[in-house]
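**Student:** Please read through the structure below; I'll follow up with questions.
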Amino acid sequence: MVTVADPPPPTGARARLRAFLHRHRVFAVVLAAAFALRVVTMLGYGPALWFNDSYEYVSGAVNPDRPSALRPNGYSFWLLLLRPFHSFSLVAFTQHLMGLAVGVLVYALLRRRFSLPGWGAALAAVPVLFDAYQIQLEHLIMSDTMFMLLVVGVITLVLWHRRMTWPMGALIGLLLALTALTRSIGLPILALVVVYLLVKRSGWKPVAAMVTACAIPVAGYMAWFASAHGNVAMTNSDGAILYMRTAMFADCSKMEIDKRRELELALLCISDPPDKRLFGQMYLWWARNGQRFHAFGVGTTFTPEMNKTAGDFAKRAILSQPGDYLAVVTRDFFRAFRWDRPRFPDANTYRQYEFLPENKVLPAWSSPKGSTTDRDAQIYDPDLPTAQIEGRLRVIGTDVHDPWAAFMQGYQRIVRLPGIVLGALLLIGLGGVAVRWRTLGGPVLLPWLAAFGLILAPAATAEFDYRYLLPAVPLACLAAAITLARRQPGLIQSPVSIRDDQSSYGMTSPVSTG
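The C-terminal residue of the sequence shown carries number 526 in this note's numbering, and the numbering is unbroken.
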């Protein structure tokens with residue numbers, strides 16, 4: 013009798029890969045589906061989508077010799093790094109990879125550090141991987157996706173090991189510096205992480221290494237900013253943005269402004285009655301009834317003097333009308349947790365977060381060195397199409413292609429994370445902090461505070477905007493997942509059973525994938 017031996021089992025790298033995919037099979041399917049949605053987006057909207065802020069970022073990459081007075085240049089540096097490829101499609105693709113990476117970090121941290129089963133960790137990553145507005149944000153030429161990845165990366169590294177070393181502290185500090193150079197709110201996140209590590213008694217060496225590694229790049233950027241603008245800062249806009257926050261309620265009759273001695277403050281008074289004001293951005297960016305604080309391209313707007321005056325006005329308004337300030341902050345904070353998604357602040361801004369059925373014609377606004385925003389975009393990507401519109405040759409920034417675009421439009425109408433679900437995630441995380449009160453919230457505290465702060469900060473210092481919510485979502489998911497894992501027997505190992513020297517988050521985990 014002749015028998016045929018079974019083929020030998022695969023060995024080496026192939027076997028390890030098969031074992032890895034089998035162990036993480038649920039998340040592999042989830043990640044593949046999320047990647048497919050992003051491919052559809054790129055097929056439907058080439059090369060990228062655009063927001064009002066996009067043009068200054070691109071101009072910063074085309075003219076990298078001077079820092080922006082309005083916002084840090086970190087994202088423009090990223091565009092500059094990719095500029096040799098002359099492709100906004102590549103920029104959008106890298107940002108989609110960043111969005112997927114955020115989901116991977118959420119999954120990896122929950123599996124490796126908190127030993128959630130595969131289905132549980134994958135579920136926590138679903139909002140950031142499948143929310144249509146998240147995918148749309150990744151396709152915008154904007155800094156938000158990069159900022160989100162950096163913040164989630166920082167939180168992941170802080171929670172990844174039980175014991176913080178000084179090299180790890182230095183790495184986290186560098187990421188925090190990049191976060192601050194991408195969006196100014198990154199510096200408060202540094203303070204949050206420092207306090208967390210001090211509370212957890214991580215030792216002075218990792219904290220000192222982190223602060224030093226963060227301070228050196230930030231100080232270098234501030235020195236560059238000072239050489240260009242004459243003052244040591246990261247922007248000349250924080251006072252102006254706070255002015256925008258107070259524009260909804262500031263009443264000069266209650267602020268006791270002396271029009272003779274404080275003429276500069278008096279000139280910033282808004283004549284519209286507070287109950288007739290629609291939203292604060294109107295009084296920072298647009299002209300209305302002759303009132304103009306800023307128009308794109310006006311070089312005297314974000315100066316140290318104007319920024320200081322606007323900041324002084326805003327602080328006077330807050331101190332004179334604390335109740336009104338708290339009212340607008342509270343109102344904007346709770347906008348984040350609505351089931352529906354009403355248009356705010358206006359239809360034009362709201363539409364820039366939508367997958368639209370028409371092409372995007374880039375505006376020809378003024379930009380540095382006498383150029384225009386559409387010309388800067390064409391310098392960056394010479395392959396942008398053009399069309400004759402109303403007798404002018406215009407640059408097309410987004411070319412819509414069906415059926416891919418139509419699919420994403422329908423997808424966006426159905427698949428999104430309602431604000432009330434985000435609120436529920438925060439409440440679950442808050443419960444996790446509360447039950448760990450003896451250890452000051454345990455590991456839940458850091459992602460929960462970061463998520464809460466990212467939602468509160470715009471409401472307190474600027475104005476509500478839907479895109480400001482998205483970086484908080486993966487952090488809220490982390491806080492809620494860690495909380496719920498604690499409630500499930502067997503999901504969290506005892507401290508001695510989790511080895512800090514594991515080389516891979518899944519390779520030695522004894523928990524099976526569900």
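Every residue, glycine too, gets a C-beta built ideally from N, C-alpha and C.
1. Report yes or no: do the region 344-353 and the region 370-385 share at least 3 C-beta pairs separated by less than 8 Å?
2. Any idea if D270 is buried or exposed, counting beta-carbon neighbours within 10 angstroms, 16 or more meaning buried?
3. Specify the secondary structure class of T451 as computed by DSSP and reduced to three states.
4. Does Y57 come out as helix, strand or coil in the three-state DSSP assignment?
5. Going straight from the alpha carbon of P459 to that of Y208, what length do you get?
6. Pairs of beta-carbons, one from the region 22-36 and one from the region 68-81, closer than 8 Å: are there three or more?
7. If A252 sits next to V244, beta carbons under 8 Å apart, how far is it from one beta carbon to the other, in whole angstroms?
8. Just list the residues that DSSP pairs S378 with in beta bridges.
9. Using a Cβ-Cβ cutoff of less than 6 Å, which residues in the same chain neighbour L277 once the five nearest sequence positions on both sides are dropped?
10. Which residue or residues does DSSP assign as beta-bridge partners of Q400?
11. Whole angstroms are fine: how far does the CA of I401 sit from the CA of Y57?
12. How is the alpha helix (DSSP H) around T157 delimited, first residue to last?
13. What residue does the alpha helix (DSSP H) around K327 start on, and which one ends it?
14. Could you have a look at D393 and say whether DSSP puts it in helix, strand or coil?
15. Since I believe M176 is in contact with P229 (beta carbons under 8 Å), could you give me their beta-carbon distance rounded to a whole number of angstroms?
16. According to the neighbour-count rule (16 or more other Cβ atoms, all chains shown, within 10 Å of its Cβ), is N360 buried or exposed?
17. Using 8 Å as the threshold, is the region 284-292 in touch with the region 348-355, meaning 3 or more CB pairs across them?
18. Is DSSP giving D270 helix, strand or coil here?
19. With 16 as the cutoff for other CB atoms within 10 Å, does D395 come out buried or exposed?
20. Once you ignore the five residues that flank V456 on each side, which residues in its own chain have a CB closer than 7 Å to its CB?
21. Secondary structure at S521, three-state DSSP: helix, strand or coil?
22. Can you name the start and end residues of the alpha helix (DSSP H) that C226 belongs to?
23. Could you tell me whether the Cβ atoms of P4 and M160 are closer together than 7 Å?
24. Using the C-alpha atoms, what's the distance from K381 back to V116?
25. I'd like to know whether the C-beta of D336 is nearer than 7 Å to at least one C-beta of chain B.
26. Short check: CB of L61 to CB of H151, under 7 Å?
**Tutor:** Checking against the coordinates, here is how it stands:
1. no
2. exposed
3. helix
4. strand
5. 11 Å
6. no
7. Actually they do not touch by this definition, with Cβ atoms about 18 Å apart.
8. T384
9. I269, F325
10. L405
11. 20 Å
12. 156-172
13. 316-332
14. coil
15. Actually they do not touch by this definition, with Cβ atoms about 20 Å apart.
16. exposed
17. no
18. coil
19. exposed
20. G441, G444, V445, R448, A491, I494, T495
21. Residue placement at S521 is flagged as unreliable, the pLDDT there being 37, under the threshold of 50; a coordinate-derived value is accordingly withheld.
22. 216-241
23. This structure does not reach residue 4, given that the chain is present from 13 up to 526, and the question cannot be answered.
24. 42 Å
25. The chain inventory of the structure shown lacks chain B, comprising one protein chain alone.
26. yes
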